[in-house]
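Numbers in the numbering used here are just positions in the sequence shown, counted from 1, shifted up by 1.
Step one of this worksheet: look at the structure below.
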Amino acid sequence: MMLDANEEELTRKEAEVAELLIQGLANAEIAKQLFVSVITVKKHLSSIYHKWNVRNRAQFMTKWMDRRHSTS
2 MMLDANEEEL TRKEAEVAEL LIQGLANAEI AKQLFVSVIT VKKHLSSIYH KWNVRNRAQF
62 MTKWMDRRHS TS
């Protein structure tokens with residue numbers, strides 16, 4: 002399931018970061034893929050977690066899986 006930028010009002014860049022997170026990439030790998038710093042990735046993740054009301058990757062993935070199953 003691809004995330005679009007409208008999902009929970011994610012920006013386009015946040016949606017890109019979230020998509021790579023879902024693929025299992027580490028922060029450094031996400032940064033390399035998107036040509037940004039690891040600090041920038043962490044800022045995007047913080048914003049994503051806030052918008053999705055989660056605290057970490059595990060909670061994000063759980064919520065994403067729940068939404069994926071509820072829409073299929």
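Idealized CB from N, CA, C, for every residue including glycine.
As the structure is a computational prediction, the values presented were derived from the model and not from experiment.
- Distances from the CA of residue 49 to each of 62, 34 and 37 were compared; the closest alpha carbon is that of 62.
- In the three-state reduction of the DSSP assignment, residue 56 falls in the coil class, being assigned neither a helical nor a strand state.
- Between residue 28 and residue 44, the CB-CB gap reaches or exceeds 8 Å.
- Separation of residue 68 and residue 53 (C-alpha to C-alpha, rounded to the nearest whole angstrom) is 11 Å.
- Of the residues assessed, residue 10 falls on the exposed side of the cut-off, its CB having fewer than 16 other CB atoms within 10 angstroms.
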